[in-house]
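Numbering (this note's numbering), first residue to last: 2 to 192.
Glycine included, C-beta positions come from ideal geometry on N, C-alpha and C.
Note that the structure is predicted; figures quoted are calculated from it, not measured.
To start, the structure under review is shown below, and the notes come after it.
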Amino acid sequence: MVRTLRFIPLLLISATLSPAARAEIIKTVEYKYYTIAPRSPYEIKPELMRRSPIRAGSGSFNGHTDWYIDWKYQATPSPYGCQLRDTQTTVRVVHTLPTLSEYVTDKETIDVFNKFNSALTQHEKNHGQHGISAARDIDEALNAIQTQPNCRQLSRMINDIGSATVQKYIQKDVEYDRVTNNGLTEGAVIY
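Written out as structure tokens, the structure reads:
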């Protein structure tokens with residue numbers, strides 16, 4: 002499944018900032034749930050397919066993770082070039098997962114679902130970790146940038162670093178799904 006990713010670079014130029022670049026990562030993780038109400042273990046898969054809001058083409062997926070990365074920075078022009086003063090990298094991870102209706106009481110159905118859902122949740126958390134790692138890599142790279150000849154060059158460098166890092170982790174998500182067959186090899190499968 003292709004992950005939906007978004008990044009937004011912002012440039013703020015100020016001449017009154019602190020003399021050293023300061024990095025800060027802001028991380029939020031959200032969970033969205035859709036409810037299924039199977040009456041037996043054999044109804045879990047059809048319920049997932051029917052109730053899942055996660056669609057791709059004519060099919061559906063049981064779980065999904067989106068991650069969004071923004072980076073902001075402040076730069077100061079000077080006679081020596083343009084200095085990066087403050088950076089802030091934000092990552093927002095959104096997991097969409099199934100949950101059982103409170104009216105499901107069959108123990109076997111609950112046990113089968115819980116085993117499957119535990120593996121699915123871990124698979125999606127691993128995708129979320131890719132977004133968090135991308136944000137950390139961007140933050141570290143931005144913190145290492147030296148003074149540039151001008152602010153336009155600095156801005157281009159920052160956005161190139163951010164975009165390349167996001168693309169690297171998009172590919173990690175794709176490869177992870179390929180290697181795990183979308184979580185199947187990790188137990189995120191229901192028959």
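Query: Nearest residue (CA-CA) to residue 107, options 30, 40 and 92; Result: 40
Query: Under 8 Å between C-beta atoms of residue 136 and residue 92; Result: yes
Query: Residue 272 classed as buried or exposed, judged by whether at least 16 other C-beta atoms fall within 10 angstroms; Result: In this structure the chain extends from 2 to 192, so residue 272 is not present and cannot be described.
Query: Beta-ladder partner(s) of residue 29, from DSSP; Result: 93
Query: CB contact flag (residue 42, residue 109, <8 Å); Result: yes
Query: Neighbour flag for residue 168 against chain D, beta carbons, 8 Å; Result: Looking for chain D here will not work: only one protein chain is present.
Query: Beta-carbon gap between residue 97 and residue 64 smaller than 8 Å; Result: yes
Query: Exposure of residue 105, with buried meaning 16 or more beta-carbon neighbours within 10 Å; Result: buried
Query: Helix, strand or coil at residue 37 according to DSSP, with G and I counted as helix; Result: strand
Query: For residue 53, three-class secondary structure by DSSP; Result: coil
Query: Euclidean distance between Cα positions of residue 11 and residue 68; Result: For residue 11, the pLDDT reaches just 41, beneath the cut-off of 50, and the residue's location in the model is therefore unreliable, although a value from the coordinates is still provided. Distance between the alpha carbons of residue 11 and residue 68 is about 18 Å.
Query: Cα-Cα separation, residue 102 to residue 176; Result: 33 Å
Query: Collapsed DSSP secondary structure at residue 104 in the structure displayed; Result: coil
Query: Check whether residue 152 and residue 99 have beta carbons under 8 Å apart; Result: no
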